[in-house]
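S.K.: In the numbering used here, the protein residues as written are 323 to 574. C-beta: ideal position from N, C-alpha, C; glycine also. Pasting a structure below so you can have a look.
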């Protein structure tokens with residue numbers, strides 16, 4: 323089973339819809355450790371907590387790309403009822419709290435977020451905000467590019483949401499198009515914090531940066547390789563900056 327790397331709880335990628343929309347629903351069960359998802363017969367001596375969502379009822383969590391931000395913000399403050407089992411203390415508790423508080427608990431492994439007597443947590447920044455900060459990381463990305471074996475190259479950088487099917491498919495299409503058009507293309511992924519864009523840890527934990535090194539001195543050739551997968555129009559309005567940041571050529 324695959325899990326989101328940046329949650330301190332073991333949140334499976336099978337719950338991408340819940341993570342992307344900030345809407346956990348009836349029947350969702352989450353464990354603090356990956357072992358919790360193993361068959362119970364094997365035992366889980368290291369398991370501390372598990373949560374079972376009792377309300378709201380199941381709905382369609384699928385979101386289009388233009389809905390994801392607004393739906394996340396609305397769901398952040400919406401009501402949720404859950405049962406928490408603390409295996410370390412042998413206790414069982416029920417909470418009526420908010421989706422955002424559960425999200426923060428899973429992200430930071432801090433049960434105090436579930437308590438509505440504590441301050442209301444801020445929602446994380448989403449993919450659109452990360453895309454808007456790509457230019458701030460230009461110096462860092464150029465440094466990464468200069469560390470590549472190729473003497474001269476271009477680099478394409480994009481903000482990717484691993485909780486979004488559409489975002490993941492777009493990232494794969496971009497990588498495939500560049501690999502088809504150029505020899506020696508290399509992919510590297512970083513968190514916003516690793517790139518110096520998130521010193522306060524405010525970005526959604528499913529976000530990452532896709533850095534693709536392309537051995538070419540011609541940035542226009544990179545643009546033309548990406549045009550078919552990023553632009554469905556027939557005119558000349560295509561802009562690479564709407565999708566990512568293109569650097570280069572970057573000399574060693």
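Quick one: grab the DSSP three-state call for residue 363.
M.R.: Confidence in residue 363 is poor, its pLDDT being 40 and thus under 50, which makes the residue's placement unreliable; the coordinate value appears in the next sentence. Helix at residue 363.
S.K.: What residue ranges within the region 417-462 form continuous alpha helix (DSSP H) runs of no fewer than 4 residues, ordered along the chain?
M.R.: Taking only runs of at least 4 residues, the alpha helix (DSSP H) segments lying wholly in the region 417-462 are 421-430 and 449-454.
S.K.: Given that a residue counts as buried once 16 or more other Cβ atoms are within 10 Å of its Cβ, and exposed if not, what is residue 570?
M.R.: Result: buried.
S.K.: Assess, as a yes-or-no matter, whether the region 417-429 is touched by the region 323-339 under the definition of 3 or more beta carbon pairs within less than 8 Å.
M.R.: Counting Cβ pairs under 8 Å, three or more are found: they touch.
S.K.: Any idea what DSSP makes of residue 333, helix, strand or coil?
M.R.: In the structure shown, residue 333 sits in coil (DSSP, three-state: anything other than H, G, I, E or B).
S.K.: Within 10 angstroms of its Cβ, does residue 353 collect 16 or more other Cβ (buried), or is it exposed?
M.R.: It is buried - the Cβ of residue 353 has at least 16 other Cβ atoms within 10 Å.
S.K.: What is the DSSP secondary structure of residue 474, counted as helix, strand or coil?
M.R.: Residue 474 falls in the strand class under three-state DSSP.
S.K.: Residue 400 by DSSP, collapsed to three states: which one?
M.R.: Coil at residue 400, not helix or strand.
S.K.: Give the single residue among 565, 356 and 422 whose Cα lies nearest to the Cα of residue 441.
M.R.: Closest option to residue 441, Cα to Cα, is 422.
S.K.: Near residue 372, what residues of its chain come up, given a Cβ to Cβ distance below 6 Å and the 5 sequence neighbours on each side ignored?
M.R.: Within the same chain, residue 372 has close Cβ partners 353, 358 and 407.
S.K.: Just checking my contact of residue 544 with residue 536 at CB under 8 Å: how many whole Å lie between their CB atoms?
M.R.: 5 Å between Cβ atoms; contact.
S.K.: Taking DSSP as the reference, what is the three-state secondary structure of residue 394?
M.R.: Helix.
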